[in-house]
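Take a look at the structure below.
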Amino acid sequence: MAGLRELQSLAAEFTPGPLLVHADVMKMASFVGPYQGKETFLQSHWDLLQELAQGRPIWLPSYNYDFPKTGIFDVQRCPSQVGALSEFVRRRHAHWRTNVPVYSIVGTGPPPTYPQEDIFYPFGTHSAFEQLLTQDGQLLFYGAKYRTNTYGHYLEHLGNNLHYRYAKRFSGQLVTKDNKSQPVSVEYHCRPQGRSMDYGFDRVLGDLHREGIAKVLSSENSPVILIHGKSMADYYLARFKNDPYYLLDEETRNWVVEKVQQLGRPFCLTDFEPAEATRAAG
Numbered sequence: 674m675a676g677l678r679e680l681q682s683l684a685a686e687f688t689p690g691p692l693l694v695h696a697d698v699m700k701m702a703s704f705v706g707p708y709q710g711k712e713t714f715l716q717s718h719w720d721l722l723q724e725l726a727q728g729r730p731i732w733l734p735s736y737n738y739d740f741p742k743t744g745i746f747d748v749q750r751c752p753s754q755v756g757a758l759s760e761f762v763r764r765r766h767a768h769w770r771t772n773v774p775v776y777s778i779v780g781t782g783p784p785p786t787y788p789q790e791d792i793f794y795p796f797g798t799h800s801a802f803e804q805l806l807t808q809d810g811q812l813l814f815y816g817a818k819y820r821t822n823t824y825g826h827y828l829e830h831l832g833n834n835l836h837y838r839y840a841k842r843f844s845g846q847l848v849t850k851d852n853k854s855q856p857v858s859v860e861y862h863c864r865p866q867g868r869s870m871d872y873g874f875d876r877v878l879g880d881l882h883r884e885g886i887a888k889v890l891s892s893e894n895s896p897v898i899l900i901h902g903k904s905m906a907d908y909y910l911a912r913f914k915n916d917p918y919y920l921l922d923e924e925t926r927n928w929v930v931e932k933v934q935q936l937g938r939p940f941c942l943t944d945f946e947p948a949e950a951t952r953a954a955g
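Laid out in structure tokens, this is it:
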């Protein structure tokens, strides 16, 4: 496992932009000393991340997957469902939380801005991920596996590389931080329902590492990975031009290519589920 000194040396490569952190704090327990209770443990990790960031904005996923089922996203009350640190920061330290159902983000510094708040495209134009790219941001996998990377879904959109997913819209009510309720919709591309789909995360990370885009300081059990958002975008888009199925693992690729060739077009919702169906997918 990478030591604290190596982690601090990695911080020297941070850009001025936002740092999007995917965290699994249990994998990083040795960085913060003996366990003295959950709140103290999480606070120690947050203190370390702030020390490393040196005033840079820190963003964390604060995803909550209930909206497609309940039709309600309460910005203040819906917990993060993607890790203890994310939920701790949401409750205790975040300056803001985005109003995006399902794929909200919490953080410090200036928040992402949106041209309209009646419909959101979490991985599309004007999304937080687009702003991460334009602001020269980076991704830090702090104990988390590379497979937790959702920035890649934005790059699939950016490269118009969505042959194997389909757009789906979910509508309901947004309860803002001011406790005001308003209609809202969220649209993103889902995995095909009823079919096994996975990405070749280990292979892709290996490619990024060999290209010098991913800085990896860890063992397999405790990943510490830093990736420059712009460099990753350039690499993904170049690969998509030569191979639109580059991200998929071999098993998924085989059935997807066969299905797309049979259809003669990219997937659409009715290829896999009724048009009126709603579900959460990522």
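Position one of the sequence shown corresponds to residue 674 (our numbering), numbered consecutively onward. Even glycine gets a Cβ: it sits at the ideal position worked out from N, Cα and C.
Query                                                                                                               : Result
Through-space distance from SER717 to VAL762, alpha-carbon basis                                                    : 12 Å
Exposure of ARG952, with buried meaning 16 or more beta-carbon neighbours within 10 Å                               : Bear in mind that a pLDDT of 45 at ARG952, under 50, signals an unreliable position, so the number given afterwards is only what the model happens to contain. Result: exposed.
Segment contact, 8 Å Cβ cut-off, at least three pairs: the segment 731–741 with the segment 674–683                 : no
Expected contact under 8 Å - CB spacing of LEU772 and GLU790 to nearest Å                                           : Per the sequence presented here, residue 772 reads as Asn, with Leu not at that position. Yes, ASN772 and GLU790 are in contact; Cβ-Cβ is about 6 Å, under 8 Å.
Presumed contact (8 Å Cβ cut-off) between PHE796 and PHE802, rounded CB distance                                    : 6 Å
Inter-residue Cα distance where the pair is PRO865 and ASN927                                                       : 14 Å
With 16 other Cβ atoms within 10 Å as the buried cut-off, status of ASN822                                          : buried
Beta-carbon proximity check, LEU683 vs LEU715, cutoff 8 Å                                                           : no
Cα-Cα separation, LEU805 to ASP907                                                                                  : 14 Å
Selection from LYS914, HIS799 and SER753 that minimises the alpha carbon distance to LEU835                         : LYS914
Residue(s) in a DSSP beta bridge with SER963                                                                        : Residue 963 lies beyond the range of the chain shown here (674 to 955); nothing can be said about it.
Alpha-carbon to alpha-carbon, SER753 and LEU722                                                                     : 19 Å
Collapsed DSSP secondary structure at PRO734 in the structure displayed                                             : strand
Nonlocal neighbours in the same chain, by C-beta distance under 6 Å from ALA954, ignoring five residues either side : With a pLDDT of 42 at ALA954, under the threshold of 50, the predicted position of this residue should be treated as unreliable, though the coordinate-derived value follows. Counting only Cβ-Cβ distances below 6 Å, and skipping sequence neighbours, we find CYS863 and ARG864.
Extent of the continuous alpha helix (DSSP H) run through VAL762                                                    : 757–765
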